[in-house]
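Notes to accompany the following structure.
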Amino acid sequence: MSQQLRIYNSKFMWSKLDYIHLNPVRVGLVAKASYYIYSIASNYINDNGLLSIEKADNPVVNVLDSKSFTKYNLY
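Take a look at the structure:
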């Protein structure tokens, strides 16, 4: 059973986002996180994902802009 965690600061949020989005890169499925078809990392980079997304109404997330997610296009 999964456990819900509250995102309480930006460092914690980035550790969770990195874990989710960079795993396909770490295991060699893709060269960049934004290339993985089942990831929403491409939405963060260029709004070209399979699904449309909305950012959560969260004070930590709200201070971020799309430039914050460009690292997923670097890895």
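Here the sequence shown stands for residues -19 to 55, numbered as in the working numbering.
Even for Gly, the Cβ is constructed at its ideal location relative to N, Cα and C.
Quick caveat: nothing in here was measured; it's all calculated off a predicted structure.
Non-local C-beta neighbours of Leu31 in its own chain, meaning closer than 8 Å and more than five positions away in sequence, comprise Ile20 and Asn23, ordered along the chain. In this model, Ala11 and Ile0 are separated by some 15 Å (Cα to Cα).
Taking the Cα positions, Arg6 is about 22 Å away from Ser(-10).
Within the same chain, Cβ atoms closer than 6 Å to the Cβ of Ile33 are found at Ile20 and Asn23, the five residues on either side in sequence being excluded. By the neighbour-count criterion, in which a residue is buried when 16 or more other Cβ atoms sit within 10 angstroms of its Cβ, Leu9 is exposed.
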